[in-house]
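Residue numbers (the working numbering): 8 to 197. Virtual Cβ for every residue (Gly too), placed ideally from N, Cα, C. From a predicted model like this one, the values you see are computed outputs, not experimental measurements.
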């Protein structure tokens, strides 16, 4: 990955006995310098996003959810705009493509895989946050972790991660719609 690339390129450039030409060394050196500059720029933007989230009360509330950090909170805050744009949390989750497709007919209900419509970037961030929750759920005994463990056992790791992402999207809508009036019922059940 990138971490190995960052370690190995300087070693390749320093090794005078390898068969790299001077042109190739120059190209690798320039690319490595550009990578380091981009790393610094990404770090600066990340710090700005984290600072924004610390100063914004709504982002602070969103970050209280398991698996939601500054990146997810800030992009959901910016994307959702007003929660009145969505009828309820399920509509927001559907907007992100986190709800199952439905193929029902004649009274038979058939749920399929998630629709994957909507913003792919936000959905992927929420699913990554969900993976983090699933990974650490085995060590906890609160209501959410017990639910995650059960879903993981019944349906598998990835479906549990998507289920957490769906739940988080719905909770985020509720937090933004109701503000301080929002009560997390999962915490009341613990």
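Contact under 9 Å by Cβ, residue i with residue j
i           : j           : result
residue 169 : residue 72  : no
residue 167 : residue 159 : yes
residue 82  : residue 132 : yes
residue 39  : residue 20  : yes
residue 134 : residue 151 : no
residue 136 : residue 165 : no
residue 56  : residue 86  : no
residue 69  : residue 52  : no
residue 64  : residue 180 : no
Rounded straight-line distance, which links the Cα of residue j to that of residue i
i           : j           : result
residue 33  : residue 50  : 26 Å
residue 75  : residue 29  : 47 Å
residue 107 : residue 92  : 21 Å
residue 47  : residue 66  : 24 Å
residue 142 : residue 43  : 31 Å
residue 103 : residue 24  : 53 Å
residue 153 : residue 146 : 10 Å
residue 11  : residue 18  : 11 Å
residue 90  : residue 45  : 35 Å
residue 54  : residue 155 : 31 Å
residue 58  : residue 79  : 14 Å
residue 94  : residue 161 : 31 Å
residue 148 : residue 60  : 29 Å
residue 184 : residue 157 : 29 Å
residue 41  : residue 16  : 12 Å
Cβ neighbour criterion (16 or more within 10 Å) applied to residue i
i           : result
residue 144 : buried
Interface flag, residue i vs chain C, CB-CB below 9 Å
i          : result
residue 24 : Of the protein chains in this structure there is only one, and it is not chain C.
For residue j and residue i, believed in contact at Cβ under 8 Å, the rounded distance
i           : j           : result
residue 177 : residue 124 : About 17 Å; that fails the 8 Å criterion.
Quick check for students: name the residue ranges of the beta strand (DSSP E) that lie wholly in the region 79-156, counting only runs of 3 or more.
Within the region 79-156, the complete beta strand (DSSP E) runs of at least 3 residues are 107-109 and 118-121.
Which ranges would you report for the alpha helix (DSSP H) in the region 26-88 if only whole runs of at least 4 residues count?
If you keep only unbroken alpha helix (DSSP H) runs of at least 4 residues inside the region 26-88, you get 29-62, 64-69 and 77-87.
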